[in-house]
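The block underneath contains the structure these notes are about, expressed in structure tokens.
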Amino acid sequence: RFVWKSGVSLCFDEDPELREKAHRGRITLDVPGKACDELTAPDLLLFMEGLQDIGCNCSRIDVFLDDYKRTATMDDYHLAAAKGDYTMFQISSENRTRNRTRKENDGLVYDAVTFGRRGSKGSGSFLRIYDKFLESNGESNCIRLEIEFTQHKAQKVFNILSGADGNLDVFAACCGALIGGCISFVHRTPEEKHISRLEPYDWWEEIIRPLGKLSVRISKKQNTLTGMIEWTEHQVSPTLFVIAKAFKTEQDFYNWIQRLRDIGDGKVNIHQRQVAEQNAGSLVYNQKFNREKQRSDYLNAMCVQVS
Numbered sequence: 081r082f083v084w085k086s087g088v089s090l091c092f093d094e095d096p097e098l099r100e101k102a103h104r105g106r107i108t109l110d111v112p113g114k115a116c117d118e119l120t121a122p123d124l125l126l127f128m129e130g131l132q133d134i135g136c137n138c139s140r141i142d143v144f145l146d147d148y149k150r151t152a153t154m155d156d157y158h159l160a161a162a163k164g165d166y167t168m169f170q171i172s173s174e175n176r177t178r179n180r181t182r183k184e185n186d187g188l189v190y191d192a193v194t195f196g197r198r199g200s201k202g203s204g205s206f207l208r209i210y211d212k213f214l215e216s217n218g219e220s221n222c223i224r225l226e227i228e229f230t231q232h233k234a235q236k237v238f239n240i241l242s243g244a245d246g247n248l249d250v251f252a253a254c255c256g257a258l259i260g261g262c263i264s265f266v267h268r269t270p271e272e273k274h275i276s277r278l279e280p281y282d283w284w285e286e287i288i289r290p291l292g293k294l295s296v297r298i299s300k301k302q303n304t305l306t307g308m309i310e311w312t313e314h315q316v317s318p319t320l321f322v323i324a325k326a327f328k329t330e331q332d333f334y335n336w337i338q339r340l341r342d343i344g345d346g347k348v349n350i351h352q353r354q355v356a357e358q359n360a361g362s363l364v365y366n367q368k369f370n371r372e373k374q375r376s377d378y379l380n381a382m383c384v385q386v387s
């Protein structure tokens with residue numbers, strides 16, 4: 081692992097065999113926000129375009145907006161979150177930390193509201209709204225809206241921003257619109273169930289008016305044969321490797337796999353059984369498979385479909 085003073089780190093496996101088998105030759109580049117602050121806007125855009133050119137797969141990207149006008153106070157955000165007057169997210173959390181030895185701001189040292197979940201249970205979007213004045217010890221007097229994109233949404237946002245084709249106006253407009261489209265604060269009523277008809281908060285309207293809206297949505301992946309094979313290879317193959325090592329012979333391991341298949345036969349749902357029947361006998365394993373790119377035509381690379 082290489083780490084620079086700016087906080088940028090480059091991680092890779094030195095063992096060539098392990099690098100190919102476990103990581104498929106990939107490396108990990110971590111660029112924190114502080115390092116991005118050291119770059120000018122043109123250089124940052126050029127850097128992202130360069131990463132896109134080499135086929136970078138983005139796993140996380142953060143976009144933020146600093147509201148120096150304090151159009152809405154933290155109390156406004158707390159109240160809207162407590163009432164459930166927001167869209168795009170299912171859960172919210174409030175965090176106010178006080179230090180009893182501090183006299184300023186009634187001892188308040190951290191003030192934030194978050195929307196969404198991080199990690200595998202999240203939607204790929206996590207919004208944090210916090211008082212930057214408290215977080216920066218008085219250096220930045222603003223309220224920051226910071227949206228964290230992960231998983232497939234991170235790649236989609238990266239493609240949008242790096243695809244600005246060197247136009248900084250487009251780049252900036254997309255950043256602002258991503259903030260404007262990540263959430264909406266509305267007055268919910270028991271009578272009205274259609275979100276589009278709900279009245280937005282005045283202060284939120286003022287914030288997003290110059291930003292516009294750009295919502296990032298990922299369509300739900302269909303549970304197809306291709307998806308099942310890709311998921312099994314990605315999620316189950318490491319566990320199968322460990323179990324296979326534990327068996328005395330390969331034949332014992334294959335017998336156990338067949339036993340798993342028999343167990344699965346009694347657990348499949350209607351859709352899975354339909355997929356099984358529709359694709360019965362349609363695959364032949366291709367030993368010359370070379371997975372250079374992970375795309376939806378996975379079966380065409382690893383397996384040959386026969387009529």
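Under our numbering, think of the first position of the sequence shown as 81, with each following residue one higher.
Backbone N, C-alpha and C fix where the C-beta goes; we use that ideal spot for every residue, glycine too.
Quick caveat: nothing in here was measured; it's all calculated off a predicted structure.
For residue i and residue j, what's the separation of their Cα atoms in angstroms?
{"i": "R353", "j": "G261", "result": "39 Å"}
{"i": "R198", "j": "V143", "result": "16 Å"}
{"i": "R182", "j": "H314", "result": "50 Å"}
{"i": "D45", "j": "R178", "result": "Nothing in the structure corresponds to residue 45, since the chain is present only between 81 and 387."}
{"i": "G105", "j": "W84", "result": "22 Å"}
{"i": "P270", "j": "I171", "result": "19 Å"}
{"i": "Q338", "j": "S200", "result": "30 Å"}
{"i": "L98", "j": "S317", "result": "15 Å"}
{"i": "W336", "j": "K347", "result": "17 Å"}
{"i": "E100", "j": "G344", "result": "32 Å"}
{"i": "K293", "j": "K273", "result": "22 Å"}
{"i": "I141", "j": "T329", "result": "46 Å"}
{"i": "F82", "j": "L188", "result": "38 Å"}
{"i": "G130", "j": "I323", "result": "41 Å"}
{"i": "R277", "j": "I240", "result": "29 Å"}
{"i": "G361", "j": "K325", "result": "29 Å"}
{"i": "E357", "j": "D95", "result": "43 Å"}
Just to confirm before moving on: does the CB-CB distance between residue i and residue j stay below 8 Å?
{"i": "N175", "j": "A192", "result": "yes"}
{"i": "L291", "j": "I259", "result": "yes"}
{"i": "S242", "j": "Q132", "result": "yes"}
{"i": "L207", "j": "F169", "result": "yes"}
{"i": "F238", "j": "V296", "result": "no"}
{"i": "L109", "j": "L124", "result": "no"}
{"i": "L305", "j": "N217", "result": "no"}
{"i": "L225", "j": "L145", "result": "yes"}
{"i": "F321", "j": "F327", "result": "no"}
Report all residues from its chain with a CB closer than 8 Å to the CB of residue i; omit the five preceding and five following residues, and keep chain order.
{"i": "Y148", "result": "N221, C222"}
{"i": "V355", "result": "N303, T304, L305, M308"}
{"i": "A252", "result": "A121"}
Roughly how far, in whole angstroms, is the beta-carbon of residue i from the beta-carbon of residue j, given that I think they are within contact range, below 8 Å?
{"i": "Y166", "j": "F195", "result": "7 Å"}
{"i": "S86", "j": "E118", "result": "6 Å"}
{"i": "V250", "j": "A244", "result": "4 Å"}
{"i": "Q235", "j": "N137", "result": "6 Å"}
Leaving out the 5 sequence neighbours to the left and right, which residues in its chain are closer than 6 Å to residue i when beta-carbon positions are compared?
{"i": "F92", "result": "I107"}
{"i": "Q255", "result": "As written in the sequence, residue 255 is Cys, which differs from the Gln given in the question. So the qualifying residues of the chain are V143."}
{"i": "H351", "result": "none"}
{"i": "P112", "result": "G87"}
{"i": "I209", "result": "Y157, V193, L225"}
Grab me the residues of residue i's own chain with a C-beta within less than 7 Å of its C-beta, minus the 5 sequence neighbours each way, in chain order.
{"i": "G158", "result": "Looking at the sequence shown, residue 158 is not Gly but His. So the qualifying residues of the chain are E174, V193."}
{"i": "K233", "result": "G204, S205, V296, I298"}
{"i": "G164", "result": "R268"}
{"i": "C116", "result": "L124"}
{"i": "D211", "result": "M154, D191, I223"}
{"i": "I288", "result": "G260"}
{"i": "I49", "result": "Absent from the structure is residue 49, since the part of the chain shown begins at 81 and ends at 387."}
Any heavy atom of the ligand FAD closer than 7 Å to the beta-carbon of residue i?
{"i": "N221", "result": "Ligands displayed in this structure: none; no statement on the ligand FAD is therefore possible."}
Original post:
Do the segment 150-164 and the segment 275-287 meet, that is, are 3 or more Cβ pairs less than 8 Å apart?
Top reply: yes
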